Structure formats: C-alpha cells, structure tokens
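*Asks:* FYI, this note's numbering numbers position 62 of the sequence shown as 81, with every residue one higher than the one before it.
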Amino acid sequence: MKKLAPFVLAFSIIGFCYSCYYDTFLELDIPIDEIVSYSNDIQPIFTASCISCHDGMTADPDLREGSSYNMLVPQYVTAFESENSSLIDNLPGNNHPVDIGFSLSDEDIALIEAWIDQGAEDN
Numbered sequence: 020m021k022k023l024a025p026f027v028l029a030f031s032i033i034g035f036c037y038s039c040y041y042d043t044f045l046e047l048d049i050p051i052d053e054i055v056s057y058s059n060d061i062q063p064i065f066t067a068s069c070i071s072c073h074d075g076m077t078a079d080p081d082l083r084e085g086s087s088y089n090m091l092v093p094q095y096v097t098a099f100e101s102e103n104s105s106l107i108d109n110l111p112g113n114n115h116p117v118d119i120g121f122s123l124s125d126e127d128i129a130l131i132e133a134w135i136d137q138g139a140e141d142n
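What follows is the structure, encoded as structure tokens:
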C-alpha cells in the first residue's frame, strides 16, 4: 500500500491541476442573418470607449462620428476579413499599443468582427 501512495498522490495532483483548466477564448457568434450596422452598432462602441483619445487631434485614427468610417476603411479594415484587419489586432483587450486601463467586452469585439466579416459597410 505504501508503494502505491506516491502514484495515487501524483495522479491526484495532476487531476486537480487539469480540473482547473479552462479556455480563455470565448467565441461569440453573431447570427449570420443579423446585419450589423456601422451607425447603430459599431459607432456607439467607438463613441463610448475610444473618442477620448481618438478625437481627431490626440491619436489616429479619428473615431468621431462622421469621420470614423472613412478613417478606418480601407486603412485599418479589410472588408470580409476580420482576421486580416489591423483594427481588430489593436482594439483595447486584444493588443492595443497603449495600456489604457480597460478592454472592450468580448461582445463588442465580436460585433466589430462580425461587421467586418459582413463587408464593413457604411450602413
């Protein structure tokens, strides 16, 4: 029995460690039939979270309403290809170049990705 104790202990520790594992990647799919609107869905995210810095003077791109779309497409956004769009790579929470102290929610990031994957229209 004493020879078996180290194996039981080792398997218990390994089992405990793996039971605490979880994926941090959260895939949030926007239904394919739900059209994501730039003006109704995306611009409000930028207005609420980004324009304190991306105000046309402090940091590029200018994300204020009325100028943000033309600043983003095609420079930062590749229509139908969110995985190749530098906007996604630089969102707060993904890989923003400056530590700004907050992240966009997973839902907001998924919504922006869905807008790009649907063609990044100015709608």
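The C-beta atom is built at its ideal place from N, Cα and C for all residues, glycine as well.
All figures in this text were calculated on a predicted structure; none of them were measured in a lab.
Flag this pair as touching only if the region 128 to 140 and the region 83 to 101 have three or more C-beta atom pairs under 8 Å; answer yes or no.
*Replies:* Result yes; three or more Cβ-Cβ pairs closer than 8 Å.
*Asks:* Hey, how far is the Cα of Ile107 from the Cα of Asp127?
*Replies:* The straight-line gap from Cα to Cα measures roughly 11 Å.
*Asks:* Would you call the region 63 to 78 and the region 112 to 127 in contact, with 3 or more CB pairs under 8 Å?
*Replies:* Yes, they touch.
*Asks:* Work out the CA separation of Asn109 and Asp52 for me, nearest whole Å.
*Replies:* Those two C-alpha atoms are separated by around 27 Å.
*Asks:* If I follow the unbroken alpha helix (DSSP H) through Pro63, where does it start and stop?
*Replies:* Pro63 -> alpha helix (DSSP H) spans 62 to 68.
*Asks:* Counting only runs that start and end within the region 86 to 115, where is the beta strand (DSSP E) found for 3 or more residues in a row?
*Replies:* Those beta strand (DSSP E) runs which fall completely within the region 86 to 115 and span 3+ residues do not exist here.
*Asks:* With 16 as the cutoff for other CB atoms within 10 Å, does Ile64 come out buried or exposed?
*Replies:* Ile64 is buried by the Cβ-count criterion.
*Asks:* Less than 9 Å separating the beta-carbons of Tyr95 and Pro80?
*Replies:* Their beta carbons are under 9 Å apart, which means Tyr95 touches Pro80 by this criterion.
*Asks:* Quick one: using the 10 Å Cβ neighbour count with 16 as the cut-off for buried, is Ile119 buried or exposed?
*Replies:* With fewer than 16 Cβ atoms within 10 Å of its Cβ, Ile119 is classed as exposed.
*Asks:* Using three-state DSSP, classify Glu126 as helix, strand or coil.
*Replies:* Three-state DSSP puts Glu126 in a helix.
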